[in-house]
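Here is the structure we will look at, set down as structure tokens.
Residue numbers (my numbering): 225 to 298.
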């Protein structure tokens, strides 16, 4: 069992107690966000630092200027 620390841009997102360490390039989902593993550093026998990149969330149903103009003004 390993203590795995997940980092994104030098900021620790979460640490988990896992049975296996993720490999570079593996897809991963942390806190409901999808991403990929970009690097793995073995600190000692039990601790592992994993660097990830998280995909940006797409904004859906963003109102346009034409939609805002159609609203009834009171």
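Think of the CB as a built atom: it goes at the ideal place given N, C-alpha and C, for glycine as much as any other residue.
Sixteen is the threshold: since fewer than 16 other Cβ atoms of the shown chains lie within 10 Å of the Cβ of residue 241, the residue is exposed. In the structure shown, residue 258 adopts extended strand secondary structure according to DSSP, grouped into three states. The shortest C-alpha to C-alpha distance from residue 257 to any of 249, 276, 286 is the one to 276.
The beta-carbon separation of residue 254 and residue 260, rounded to 11 Å, does not stay under the 8 Å limit for a contact. Annotation: residue 235 to residue 274 spans about 11 Å, alpha carbon to alpha carbon.
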